[in-house]
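In the numbering used here, the protein residues as written are 75 to 439. Glycine residues also receive a C-beta, built at the ideal position from the N, C-alpha and C atoms. Computed from a predicted structure; not experimentally measured. Working notes, beginning with the structure itself.
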Ligand SMILES: *Cc1c(COP(=O)(O)O)cnc(C)c1O
């Protein structure tokens with residue numbers, strides 16, 4: 075059986091380091107907002123190449139807090155991709171603003187910058203981009219549009235740790251970059267965790283208050299904040315994982331190369347332009363008979379996933395919030411299939427997945 079992902083396998087090579095880090099924290103007697111969180115924040119800021127990093131409890135909170143901290147006028151519209159993971163849209167709604175959906179490019183799954191002029195309204199104040207599947211959005215075109223119209227850019231980097239456009243990392247293009255360290259992400263904790271990166275001193279200071287009851291000094295509350303702290307244990311584990319992130323991304327990129335070389339032409343493979351450094355959080359192919367192909371793979375011992383089965387505008391939670399037709403999102407959600415690609419997978423397992431897919435072609439020809 076080729077699993078879609080086994081976290082025990084993915085984390086196996088770091089086990090001794092993780093256990094040592096956990097023991098260090100357990101014995102320290104200090105468990106919330108301490109040395110490990112500060113050390114991780116400065117190490118991650120340095121990795122991304124940005125001045126500030128603020129650890130928070132998860133990726134959704136990173137997005138909500140960043141959007142809130144911008145203090146946009148009440149009733150503002152925020153542009154967001156119609157096929158993003160629901161969290162990006164939930165964050166806009168939770169922060170009190172209106173999500174306005176922009177369709178992605180079929181070929182890259184990422185926001186189509188050419189559609190921005192028709193999506194903007196007199197109430198649009200920000201764009202929230204998602205670098206989906208580990209591939210950077212076209213921040214050159216999106217950034218230029220945002221600049222021209224005075225819009226803030228927030229980046230959802232939950233799937234793009236270490237991804238680059240040219241030599242620039244995701245998380246450094248907008249006013250804030252929001253990361254999730256959910257266990258399956260390219261940089262994954264052993265529980266929930268998240269962070270915001272920003273080069274803006276005032277925003278960073280506000281976020282440091284907001285994550286901790288609006289307080290930086292004990293019992294002095296400056297803002298109406300929340301409890302969304304990164305804990306010492308996850309921070310210590312993340313420091314271990316961060317030191318191996320580039321190796322993890324290289325491993326995933328090497329597995330992606332095996333797919334690119336061995337998958338048949340009748341599946342639509344991920345596409346990226348030459349200047350995009352893709353970290354393949356997900357290797358998503360497309361095929362019109364996605365469900366039959368998925369069943370064939372399972373019958374031959376290969377587990378896959380679909381990211382995602384239901385587009386945001388079709389979700390029950392979004393009725394009355396998202397209206398309109400989104401045919402590109404529908405098409406992507408109906409045809410996408412995510413193939414195994416994790417730190418725990420080997421070259422030969424990926425070749426086996428390719429063989430099983432090639433076999434499907436023979437049977438259906
Ligand atoms: C995982 C993910 C999130 C949410 O992160 P959590 O840590 O689970 O809250 C947000 N956006 C995208 C694109 C994600 O993949």
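Task: Host beta strand (DSSP E) of residue 172 (start-end) - done: 172-176
Quiz prompt | Strand pairing of residue 370, partner residues [DSSP] | solution = Beta bridge pairing from DSSP links residue 370 with no other residue.
For this session: Confirm the yes/no value for this check: CB of residue 134, any heavy atom of ligand 1, distance under 6 Å.
Result: yes
Which whole-angstrom value describes the C-beta separation of residue 239 and residue 201, a residue pair presumed to lie in contact below a C-beta threshold of 8 Å? With 8 Å as the limit, residue 239 and residue 201 do not qualify as a contact, their Cβ atoms being about 15 Å apart.
Q) Straight-line CA distance for residue 147 to residue 170? A) 10 Å
- Message: Going by beta-carbon coordinates alone, are residue 252 and residue 275 separated by less than 7 Å?
- Response: no
Less than 6 Å between the CB of residue 156 and some heavy atom of ligand 1, yes or no? no
Quiz item: Should residue 223 go down as buried or exposed, given a rule of 16 or more other Cβ atoms within 10 Å for buried?
Solution: exposed
Let me check understanding here. Comparing Cα to Cα, which of 374, 404, 371 and 435 lies closest to residue 381? 404
Open item on the list: For residue 83 and residue 388, what's the separation of their Cα atoms in angstroms?
Closed with: 35 Å
- Query: What span of residues does the beta strand (DSSP E) with residue 411 cover, start to end?
  - Reply: 410-413
- Message: So, for residue 416: in the same chain, excluding its five sequence neighbours on each side, which residues have a beta-carbon less than 6 Å away from its beta-carbon?
- Response: 79 and 84
On the DSSP bridge assignment, give the partners of residue 427 in chain order. Residue 427 pairs with nothing; no bridge assigned.
Practice task
On a CA-only basis, which of 314, 185, 425 and 313 is nearest residue 157? Give me that one, please.
Solution key: 185
Can you tell me whether residue 126 is helix, strand or coil according to DSSP? strand
How would you label residue 260, buried or exposed, when you count the other beta carbons within 10 angstroms and need 16 or more for buried? Residue 260 sits buried, since 16 or more C-beta atoms from the chains shown fall within 10 Å of its C-beta.
Requested in this report: Kindly give me the distance between the Cβ atoms of residue 176 and residue 144, rounded to whole angstroms, as I take these residues to be in contact under 8 Å.
Outcome: The Cβ separation is near 19 Å, so there is no contact.
message: Quick check on residue 410: buried or exposed, where buried means 16 or more other Cβ atoms within 10 Å of its Cβ?
response: buried
_N- and C-terminal bounds of the alpha helix (DSSP H) containing residue 275_ = 275-284
- Looking at the structure shown, is residue 254 part of a helix, part of a strand, or coil, going by DSSP? strand
Q. For residue 194, which three-state DSSP category applies?
A. coil
* To do: Decide yes or no for the touch test of the segment 89-101 against the segment 286-297: beta carbon pairs closer than 8 Å, at least 3 of them.
  => no
- prompt: Anyone know if the C-beta pair for residue 245 and residue 122 falls short of 7 Å?
  reply: yes
| field | Contact set for residue 124: own chain, Cβ-Cβ below 6 Å, skip 5 residues either direction | value | 246, 271 and 273
Open item on the list: Using the Cβ count rule (16 or more neighbours within 10 Å means buried), how would you classify residue 106?
Closed with: exposed
request  = Would you mind working out which of 161, 199 and 329 sits nearest residue 149, comparing C-alpha positions?
outcome  = 199
Can you check whether the CB of residue 329 is closer than 7 Å to the CB of residue 263? no
Next on the checklist: Can you tell me whether residue 254 sits near ligand 1, meaning its C-beta is under 6 Å from at least one heavy atom of the ligand?
Outcome noted: yes
What is the rounded straight-line gap between the Cα of residue 110 and the Cα of residue 265? 16 Å
* Residue range of the beta strand (DSSP E) that residue 315 falls in? -> Counting along the chain, residue 315 falls outside any beta strand (DSSP E), though it belongs to the alpha helix (DSSP H) covering 306-316.
Please classify residue 76: does DSSP put it in a helix, a strand, or coil?
-> Correct three-state label for residue 76: strand.
Practice prompt. With DSSP collapsed to three states, give me the class of residue 341.
Written response: coil
- [ ] Would you mind working out which of 172, 162 and 127 sits nearest residue 394, comparing C-alpha positions?
- [x] 172
- Tell whether a beta-carbon distance below 7 Å holds between residue 181 and residue 327. no
Quiz item: CB-CB under 6 Å to residue 75, same chain, minus the five flanking residues each way: which ones, in chain order?
Solution: Here the set comprises 375.
query: When DSSP builds the beta bridges, which residues end up paired with residue 117?
result: Beta-bridge pairing links residue 117 to no other residue.
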